[in-house]
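Heads up, the numbering used here is the position in the sequence shown plus 157, with the first residue counted as 1.
Virtual Cβ for every residue (Gly too), placed ideally from N, Cα, C.
Have a look at the structure below, then the notes.
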Amino acid sequence: MSDVIYFESEDGKIVVADDFVQIAHVTVKVNDLMSGEAYVGKPDQTINMALALVGIFCIFLGKIREGQLTDLIDINVLFTASNYFDLAGLIILLVTLLITLPQKEYYALQFRLKDGNKKRVILKDKQHYVNILEINKAINQALRYADYRRQSK
Numbered sequence: 158m159s160d161v162i163y164f165e166s167e168d169g170k171i172v173v174a175d176d177f178v179q180i181a182h183v184t185v186k187v188n189d190l191m192s193g194e195a196y197v198g199k200p201d202q203t204i205n206m207a208l209a210l211v212g213i214f215c216i217f218l219g220k221i222r223e224g225q226l227t228d229l230i231d232i233n234v235l236f237t238a239s240n241y242f243d244l245a246g247l248i249i250l251l252v253t254l255l256i257t258l259p260q261k262e263y264y265a266l267q268f269r270l271k272d273g274n275k276k277r278v279i280l281k282d283k284q285h286y287v288n289i290l291e292i293n294k295a296i297n298q299a300l301r302y303a304d305y306r307r308q309s310k
């Protein structure tokens with residue numbers, strides 16, 4: 158057992174000590190770590206943006222074909238389907254919204270090991286999100302102490 162515990166969550170699932178970092182079922186020795194950081198991962202939105210642009214392009218093609226290009230300032234004209242191009246564009250925009258809305262950011266801890274591998278552990282409990290800055294500080298402090306122990310030997 159280690160001498161110093163830098164951080165321990167209330168439920169005991171996350172423990173950062175001077176010898177190890179334990180998150181639920183994953184335990185990593187501090188001596189094997191090169192770096193560790195807590196971060197917020199955001200979903201990739203490139204596909205959603207591309208679909209939205211295709212939808213807007215289809216709507217503009219429909220408005221050009223219908224001769225309503227000068228009336229695009231009116232929002233009612235923009236979102237009315239007067240032909241199949243407009244309808245396809247509106248459906249693509251709706252699908253894009255349905256894909257984009259349920260996506261959310263996630264919180265994780267990423268460890269870079271000395272052998273070059275990376276371990277990423279996603280935090281699932283809401284209470285751990287609040288403590289993510291404290292966890293990050295505790296990991297950095299444990300790494301600094303491990304470096305100090307190595308240099309003092």
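Two segments are said to touch when three or more pairs of C-beta atoms, one from each, lie closer than 8 Å; by this definition the stretch 280-288 does not touch the stretch 210-227. Secondary structure note for residue 309: its alpha helix (DSSP H) is the uninterrupted segment 289-309.
Straight across, the Cα-Cα distance linking residue 171 with residue 268 is about 14 Å. With a beta-carbon spacing of about 3 Å, residue 219 and residue 242 fall inside the 8 Å limit used to define contacts. Distance from the CA of residue 182 to the CA of residue 305, rounded to the nearest whole angstrom, comes to 28 Å. DSSP lists 172 and 184 as the beta-bridge partner residues of residue 179. Closest option to residue 208, judged by alpha-carbon separation, among 169, 245 and 238: 245. Within the same chain, 220 come within 7 Å of residue 226 by CB-CB distance, once the 5 residues on both sides are set aside. Taking C-alpha positions only, residue 164 is separated from residue 254 by approximately 40 Å. For residue 208, the enclosing alpha helix (DSSP H) has its first and last residue at 203-223. Pairing residue 197 with residue 299 gives a Cβ-Cβ distance that is not under 8 Å. Under the criterion of beta carbons closer than 8 Å, residue 293 and residue 195 qualify as touching, at roughly 4 Å.
Per DSSP, reduced to three states, the secondary structure at residue 247 is helical. Under the three-state reduction of DSSP output, residue 162 falls in the strand class.
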